[in-house]
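Undergrad: Sharing a structure below in structure tokens format, with a few things to ask.
Right, dumping it as structure tokens:
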């Protein structure tokens, strides 16, 4: 082989190396660019050097680790951005609910001190209006967050579809390039890997590299998202069990042209989309329910006590607050046509829990159901729910079926007892004289009862109701000859005042949790293991009567939220819960971001462009070029000398 050919091979190699180095330098700030190196091999038969490949420095294992870390970091970052808004709202001491609840009960204290004073009564109405307005404001803010999450889910899905379409197109271009040139341009490979990285910041996906060349993507459950040059689109769809909720839909079929099915929310993890899903399910829904539980507890318990009082007109107190209605939805995938509505059982507010429920029909003909708490995933025990006359009752909620015979086994329904309770909270008493500060009925005795309620109480009683429960759990009543009911069913009251099941039966045997209604007075037996007596009589009310005002004020210290916490305690627990969760997310984000930064540094050390190194390579390959040019120059001199010898 001549020196000319050897020198030319060296010039070609040096030129390629200089081009590669120049390309690295020019793309130092190009996202997704991987540094390239010129791979040189010795030519056969001592024929100089040849360029074997322009190789990009890409480590598949490190890239996969980095993509996964970025997916988790982005999810936590999205979650942190959203939850910080709720944390800031609840932690605001001036805009929070705690001082407003305190102001309301302080106004009740002033009312108890001067029950007929118009200024004190106006103070109660003003404090009630301010408190309810803040509850509605909180609910509106949280509902705006729900709408915002729906909008962001739509945007994220649009961006995901755009990215998967680009990946499918690049897969096609790479396949064509390999068929025509025998290899794919590094620029296409870089673009595809960059798109994979960007896609992982949207949601967590599975990447399968087919034959080391084609990138196939699938959802965590294995459903394909990109197969070769085919991309399957996701869609933002309305949740089948909640029309106010956007979820991810997937269209089945060989080319994504089949049935549209909604994906389980728990399936979408990682990335900004997964972060939104997690925030909504773990924090936003829970916070709305907790605010709703607070609103329902204070409103319904206050209403119950207010109705036990008498106003300045000598009339029984009416409901003081209203709250938003419960939500109940049928699943659009149901086979049956039964519809439901839901209502809070105001006589059983202590059973309310800050969660939604899924009600599933197990057997419609035998009236068997499953009521599942959505916050824990646990089903209520059989003795925790009851069904009668198309009404399913559990956890302080009554679910009304329009006709259970229209339901089919397996049908499910979404029940949200408290989600929007705060949104409809208002003080409905506007007349100062309608505030029932005085006592309507006086109650005394040692019989243990709960949930005492009045509705046109003692209208047919001349003096008082005297009720006794003996050791055999038989109930007798003195001073009354009218209607008596047990658990909503009429019972016979015989001449001696004993409650019987029928005219010929013996005295009715009562049990704990039985609800008794006598002349507009209803109560639930808390304990029937011991004898006891109970007396109700009409109170002698006057303008200065403050007994019911004192009872209303006492609600501040009673455990009326879930039967286990006071209003201030429940609100404090809510603020603490959101604050702790925010702190946990921030700590996890910092830790995950640190890992992501480390992996990015590892990736950059191998694939990133170092300007100092490339500058040194320019000098090195320039010298390489000059040396090979010198070889050719030397060969030319030798050739000229040889030609000169002939002359």
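Residue numbers (the working numbering): -13 to 633. For each residue, glycine too, the CB sits at the ideal point set by N, CA and C.
According to DSSP, is residue 151 helix, strand or coil?
TA: Stepping through the chain shown from its first residue, residue 151 is reached at position 165. DSSP places residue 151 in helix when its eight states are reduced to three.
Undergrad: Would you call residue 354 buried or exposed, if buried means 16 or more other Cβ atoms sit within 10 Å of its Cβ?
TA: One-based indexing of the chain shown puts residue 354 at position 368. By the neighbour-count rule (16 or more Cβ atoms within 10 Å), residue 354 is not buried but exposed.
Undergrad: Beta-carbon within less than 6 Å of residue 160's beta-carbon, same chain only, minus the 5 sequence neighbours each way: which residues are those?
TA: Counted from its first residue, the chain shown places residue 160 at position 174. If we look at residue 160 and ignore the five residues flanking it on each side, its Cβ neighbours are 170, 174.
Undergrad: Do residue 64 and residue 258 come within 8 Å of each other at the CB atom, strictly closer than that value?
TA: Residue mapping note: residue 258 aligns to position 272 of the chain shown, counting from 1. Residue mapping note: residue 64 aligns to position 78 of the chain shown, counting from 1. In this structure, residue 64 lies closer than 8 Å to residue 258 by Cβ.
Undergrad: Are the segment 457 to 475 and the segment 493 to 506 touching, with three or more C-beta to C-beta distances below 8 Å?
TA: The segment 457 to 475 vs the segment 493 to 506: in contact.
Undergrad: Pull the bridge partners of residue 286 from the DSSP assignment, please.
TA: On the chain shown, residue 286 is found 300 positions in, with the first residue counted as 1. Bridge partners of residue 286: none, in fact.
Undergrad: Which residues in the same chain as residue 70 place their Cβ atom closer than 7 Å to its Cβ, once the five residues preceding and following it in sequence are excluded?
TA: Against the chain shown, residue 70 aligns to sequence position 84. Correct list, in chain order: 568.
Undergrad: Any idea what DSSP makes of residue 64, helix, strand or coil?
TA: What you label residue 64 is simply residue 78 of the chain shown in a count that begins at 1. In this structure, residue 64 counts as helix in the three-state DSSP scheme.
Undergrad: Report buried or exposed for residue 184, applying the criterion of at least 16 other Cβ atoms within 10 angstroms of its Cβ.
TA: Your numbering for residue 184 matches position 198 in the chain shown. When all chains shown are included, residue 184 counts as buried.
Undergrad: Considering just the uninterrupted stretch of the alpha helix (DSSP H) at residue 248, what are its terminal residues?
TA: As a working mapping, residue 248 is identified with position 262 in the chain shown. It is not in any alpha helix (DSSP H) - residue 248 instead sits in the beta strand (DSSP E) that spans 246 to 248.
Undergrad: Please report the distance separating the alpha-carbon of residue 327 from that of residue 345.
TA: For this step, residue 327 is matched to residue 341 along the chain shown. For this step, residue 345 is matched to residue 359 along the chain shown. Looking at the two C-alpha atoms, the distance is approximately 12 Å.
Undergrad: Mind checking which residues open and close the alpha helix (DSSP H) that includes residue 427?
TA: Working through the chain shown from its first residue, we reach residue 427 at position 441. It is not in any alpha helix (DSSP H) - residue 427 instead sits in the beta strand (DSSP E) that spans 427 to 431.
Undergrad: Please list the terminal residues of the continuous alpha helix (DSSP H) segment that includes residue 449.
TA: The residue labelled residue 449 in the question sits at position 463 within the chain shown. Element bounds for residue 449: n/a, residue is neither H nor E.
Undergrad: If distances are taken between C-alpha atoms only, which option among -2, 191, 128, 468 comes closest to residue 266?
TA: By 1-based counting over the chain shown, the position of residue 266 is 280. Here the closest residue by C-alpha is 128.
Undergrad: Please confirm if the segment 114 to 123 is in contact with the segment 131 to 142, defined as three or more CB-CB distances below 8 Å between the two stretches.
TA: No, they do not touch.
Undergrad: Can you look up residue 210 in the DSSP assignment and give me helix, strand or coil?
TA: Indexing the chain shown from 1 puts residue 210 at position 224. In this structure, residue 210 counts as strand in the three-state DSSP scheme.
Undergrad: Do the segment 518 to 526 and the segment 82 to 95 touch if we need at least three Cβ pairs shorter than 8 Å?
TA: No, the segment 518 to 526 does not touch the segment 82 to 95.
Undergrad: Under a three-way DSSP split, which group does residue 9 fall into?
TA: Taking the chain shown and counting its residues from 1, one reaches residue 9 at position 23. Looking at residue 9 - three-state DSSP - the assignment turns out to be helix.
Undergrad: Contact between the segment -6 to 11 and the segment 541 to 558: three or more CB pairs below 8 Å?
TA: Too few Cβ pairs lie closer than 8 Å, so no.
Undergrad: Rounding to the nearest angstrom, what Cα-Cα distance links residue 41 and residue 179 in this structure?
TA: Indexing the chain shown from 1 puts residue 41 at position 55. Indexing the chain shown from 1 puts residue 179 at position 193. The straight-line gap from Cα to Cα measures roughly 15 Å.
Undergrad: Can you tell me whether residue 313 is buried or exposed, with buried defined as 16 or more other CB within 10 angstroms of its CB?
TA: In the chain shown, residue 313 corresponds to position 327, counting from 1. Result: buried.
Undergrad: For residue 72, which residues does DSSP report across the bridge?
TA: Taking the first residue of the chain shown as 1, we reach residue 72 at position 86. None; residue 72 has no bridge partner.
Undergrad: Does the ligand HEM have even one heavy atom less than 7 Å from the beta-carbon of residue 158?
TA: The ligand HEM is absent from the structure shown, which contains no ligands of any kind.
Undergrad: Any contact of the segment 380 to 397 with the segment 334 to 352, i.e. 3+ C-beta pairs under 8 Å?
TA: Cβ pair count under 8 Å is three or more, so yes.
Undergrad: Output the residue ranges of the beta strand (DSSP E) runs that lie fully inside the segment 83 to 156 and measure 3 residues or longer, sorted by chain position.
TA: Here no run is fully enclosed.
Undergrad: Kindly indicate which three-state DSSP category residue 413 falls into: helix, strand or coil?
TA: The residue labelled residue 413 in the question sits at position 427 within the chain shown. Strand, per DSSP.
Undergrad: Whole angstroms are fine: how far does the CA of residue 84 sit from the CA of residue 329?
TA: Residue numbering aside, residue 329 sits at position 343 when the chain shown is read from its first letter. Residue numbering aside, residue 84 sits at position 98 when the chain shown is read from its first letter. Straight-line Cα distance between these residues: approximately 27 Å.
Undergrad: Grouping DSSP H, G and I as helix and E and B as strand, with all else coil, what is residue 424?
TA: Walking along the chain shown from the start, residue 424 turns up at place 438. Reduced to three states, the DSSP call for residue 424 is strand.
Undergrad: Please go through the segment 253 to 288 and give each complete alpha helix (DSSP H) segment of 4 or more residues, from N-terminal end onward.
TA: Counting only runs of 4 or more, we get 257 to 265.
Undergrad: Between residue 172 and residue 57, which are expected to be in contact by the criterion C-beta below 8 Å, what is the C-beta distance as a whole number of angstroms?
TA: Position 186 of the chain shown, counted from the first residue, corresponds to residue 172. Position 71 of the chain shown, counted from the first residue, corresponds to residue 57. That pair is no contact at about 25 Å.
Undergrad: What is the DSSP secondary structure of residue 38, reduced to helix, strand or coil?
TA: Counting from one through the chain shown, the residue named residue 38 turns up at place 52. The answer is strand: DSSP assigns residue 38 an E or B state.
Undergrad: Can you grab the Cα-Cα spacing for the pair residue 325 / residue 373, in whole Å?
TA: Residue numbering aside, residue 325 sits at position 339 when the chain shown is read from its first letter. Residue numbering aside, residue 373 sits at position 387 when the chain shown is read from its first letter. Rounded to the nearest angstrom, the two C-alpha atoms are 16 Å apart.
Undergrad: Can you say whether residue 188 is buried or exposed, counting buried as having 16 or more other CB atoms within 10 angstroms of its CB?
TA: Position 202 of the chain shown, counted from the start, is the residue given in the question as residue 188. Buried, by the Cβ-count rule.
Undergrad: Rounding to the nearest angstrom, what Cα-Cα distance links residue 166 and residue 199 in this structure?
TA: Position 180 of the chain shown holds residue 166. Position 213 of the chain shown holds residue 199. Spanning the two alpha carbons is a distance of roughly 15 Å.
Undergrad: Does DSSP put residue 486 in a helix, in a strand, or in coil?
TA: Reading the chain shown from its first residue, position 500 is the one you call residue 486. Strand, per DSSP.
Undergrad: Report yes or no: do three or more beta-carbon pairs, one from the segment 97 to 106 and one from the segment 580 to 590, lie closer than 8 Å?
TA: In short, these stretches do not touch, since the Cβ pair count stays below three.
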